[in-house]
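Count along the sequence shown from 1, add 1446, and you get the number used in the numbering used here. Below is one structure, written out as structure tokens; comments come after it.
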Amino acid sequence: MVLFTCYGFNLAQGLRAAINRGDTVRVIPKALCSIYCISVSIIAIKVVSDSPLSELLTYLHVL
């Protein structure tokens, strides 16, 4: 989950950098990045809440 979260942040950072440079960023990449980040968050919450190692997973997810 940590890797997926880091990848989501990397995608969002790339979009933000492109927007700051003044590049044209279409709506579809923005929407897909948002959907990906929200999906990873929901899956992470589900995994953390059902796992016997929930405290460890929560700690790793916060990192």
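Note that CB positions come from ideal geometry on N, CA and C, so glycine has one too. Just so you know, these numbers come straight off a predicted model, no measurement behind them.
- In the structure shown, R1472 adopts coil according to DSSP, grouped into three states.
- In the assembly as shown, V1486 is a buried residue. Its beta-carbon has 16 or more other beta-carbons within 10 Å.
- In this structure, C1479 is the residue among V1473, Y1505 and C1479 with its C-alpha nearest to the C-alpha of Y1453.
- Straight across, the Cα-Cα distance linking L1457 with L1506 is about 20 Å.
- When the five nearest sequence neighbours on each side are left out, the beta carbons in the same chain lying within less than 8 Å of the beta carbon of V1471 are those of L1461, A1464 and I1465, in order along the chain.
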